[in-house]
Every structure is written in structure tokens, then in C-alpha cells.
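Residue numbers (the numbering used here): 31 to 340.
Each residue gets a CB set at the ideal place from its N, CA and C atoms; glycine is no exception.
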Amino acid sequence: MDSGTVYLKDYSGDVDVPFNPSPEPNMFKVTPFYISAYEVCNFDYLEYLYWLTRENYDKYAPALPDTTVWTTKRMYNQGYLEYYLRHPAYRYYPLVGITHQQAIDYCAWLTDRYNENPDRKYKKVHFRLPTKNEWLYAALSGAEYQKPEKGEMTSIVYKAYESIFPWAREARGFPHSLQHSTGNWLANFKMIDQASVQTIEGTLIYQSDTIRNRFYIGSPGYTCINTPGKLNDCSDITTPVYSFFPGLSGLYNMAGNIEEMVAEYGITKGGSWNDTGYYLQNTAEETYDSTTETSPFRGFRVAMEVIEEF
């Protein structure tokens, strides 16, 4: 990702509006960084666990993901609890059930392994979680943008308010829709059967159940969607990290599949397979704390910055 600027609000095309240092700034800038095209998958993390068993066994047990996240109320997921992390069938499914610190530790290991590789491209790099601003910038990387003009600007400018989802207008047909012009869905998320939704005395009802603000399994007062013929009351699980349409920059699943942790603790971006479309918007955020940190809906992708070139 090249350096650039993101404007969060519409200023009638005036890209010279000054930076506002308030708690909710009008814009932000990013410096160049790399970001993975895919979410970290089970295979990636199993390589890390295998290395720990051989080189640093004391850290092996603390690094293990919490597979009990699949034993969730009203979900028949015993098979996922036993097989999701290690079975070859789920090798390229996104890693879930880890804490923010475990994600940081994985990035530290990746940094060490890269910097020890004699065939590396750069002399020294640092792998880490992307900041929420870097994540948003990456999500916008397939959107229409204002290109630098010689002698006028030194970086790309994106307007977050003009691009709701991570797919581009030119390539995907409908930039403000979750569905391609061909009818294909563009992300893995919770889809509601509109034919089963009705309003009774001002309250939305889905198949005789009250629709809450969030379809978040395990949250107080949650209500899942009942899917006839399926063991789970809720939507299907994750999909492989290379599934669905990538953005023009080649990033997969910046919307849907799993919520992605960022450098700032307690914040995730992108929405998950268990979220409705609202949470897949580029600027949407979700939160967690120490009591809800591990989840079957949450994982991460890795960013990298070059510290020193050869």
C-alpha cells in the first residue's frame, strides 16, 4: 500500500480541508505498508505451533487457540470443535478462537522468522496487526480515488464516504451493494430471508422471533435465525480465505468471513459470517473485551512495514 490520505466526510470535493485534531478527525494519512491478501488461516498458525513444539515448547500451550468457541448456545458444532483447527479439510479456513495477544505473538514470530531468512528481500521488517486506519485504507484500495498530480499532491486520496464496501465500482458492478450484477453474493455474511420478515406493531419479526439489534450468538437477549433443514439455527460458518471476489488491490474477504482484529485492542473491522450486511461496511466497527475476546467470528490478517532495506 502506497502512502495516502482518507477523507471520512464530504467536503464538496475540497481535498485541501485542514486536518481536524478532534476525537473524530475529518481525515487521516498513512505511510507505506504491506498487508496480507488473505486472513491468517489455520495452516499458517499450525506452522507456528509446530515451530513452538520444537524450539520453544513452554510457549506452545499458551499459544493454542480456544476451540471451545464452537460450543456455542443453539449451535450444533461438535465437529468444528474437534476438527476445525487441525483437519486438512479446514487447512485454508481462517483462524479463529485466539486473543489479541496471541495474534501479536504470532506476528512477532513471523518477524523473527523473516529476519532470520538468508533469502529475504528486505534486511529488516516488522510484522504486526494493521491499525484501524491502515485497515480502512486497504479496504478502500479498490475504490475510485484521486490520483496524484505532478507538482500538486504526493499521495493518493480516498473518500471513504463514496465507497461503502471494499469492492470497486468498475470491477464489481454495484459498489454500494452486497450482491454482484450477476446475482452472486460478494461476501460471506448473514443473509436474512426477506420473505419471512414482517412488522407487527412497529417491531420487526422474523419467523415469529423478534429481531434484535445484533444477531450475535451468545450476546444477552440474542435471537438467531431459524433455518429449516439445518442443524444450526444461524448461518453457515467461515469459508476458505481465498473465497469470494477480491478487491482491485487483490485483498480477499475485507468484508465478511471473519471480523478482523486491528492494532487497537477491542476493535474489529470487516464483519463476519455471523453479521448482517451493515457490519461489512468499510467504516463500521465492532467491539469486544476480555470476556468476549475469543470467538468463532473473529481472526486477523497481518500487516508488514519495512524497517531497513539492504
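The beta strand (DSSP E) that contains residue i, what's its start and end?
i: Y144; result: Run containing Y144: none in the beta strand (DSSP E); it sits in the alpha helix (DSSP H), H130 to N145.
i: A190; result: A190 -> no beta strand (DSSP E), and no H or E assigned at all.
i: I297; result: I297 to K299
i: F157; result: K154 to R158
i: V36; result: G34 to Y37
Take residue i as the anchor and find which of the options has the nearest alpha-carbon.
i: K189; options: G286, P148 and Y167; result: Y167
i: T268; options: Y309, P326 and E335; result: P326
i: R328; options: Y309, T298 and E112; result: T298
i: Y308; options: V336, R143 and F219; result: F219
i: S66; options: S207, S302, L310 and L159; result: L159
i: L318; options: I186, G34 and T129; result: According to the sequence as given, residue 318 is Tyr; it is not Leu. Checking every option, the nearest Cα to that of Y318 belongs to T129.
i: M284; options: N312, T141 and D266; result: N312
i: F340; options: W215, N145 and K153; result: K153
i: Y122; options: V70, N86, D88 and Y87; result: V70
i: A341; options: L281, N147 and G232; result: With the chain covering 31 to 340 only, the question about residue 341 has no answer from this structure.
i: S193; options: Y68, L170 and G213; result: L170
i: D142; options: T321, F157, V332 and A93; result: F157
i: G286; options: P148, S273, T61 and D74; result: S273
i: V336; options: K151, A314 and H206; result: K151
i: E85; options: W139, D305, P148 and S302; result: W139
Would residue i and residue j qualify as a contact pair, given that the criterion is a beta-carbon distance under 8 Å?
i: M31; j: V155; result: no
i: N163; j: F63; result: no
i: N56; j: L125; result: no
i: V271; j: Y37; result: no
i: G277; j: W197; result: yes
i: Y78; j: Y136; result: yes
i: W165; j: E290; result: yes
i: T97; j: L111; result: yes
i: W324; j: G127; result: In the sequence as presented, Trp is not what sits at residue 324; that position holds Thr. It is a contact, given that the beta carbons lie within the stated cut-off.
Starting from residue i, trace the alpha helix (DSSP H) both ways and give me its first and last residue.
i: A168; result: K162 to A169
Based on the DSSP secondary-structure assignment, which residues constitute the bridge partners of residue i?
i: Y309; result: The partner list for Y309 (beta bridge, DSSP) is empty, contrary to what the question assumes.
i: Y291; result: The amino acid at residue 291 is misidentified as Tyr; the sequence shows Met. Paired residue(s): T298.
i: W215; result: Q209
i: I186; result: G34
i: I230; result: T233
i: E338; result: K154
Which runs of the alpha helix (DSSP H) spanning at least 4 residues fall entirely within the region 54 to 130, listed in chain order?
72 to 85, 90 to 93 and 108 to 113
Identify every run of the beta strand (DSSP E) within the region 312 to 336, keeping only runs that are complete inside it and at least 3 residues long; order them along the chain.
315 to 317
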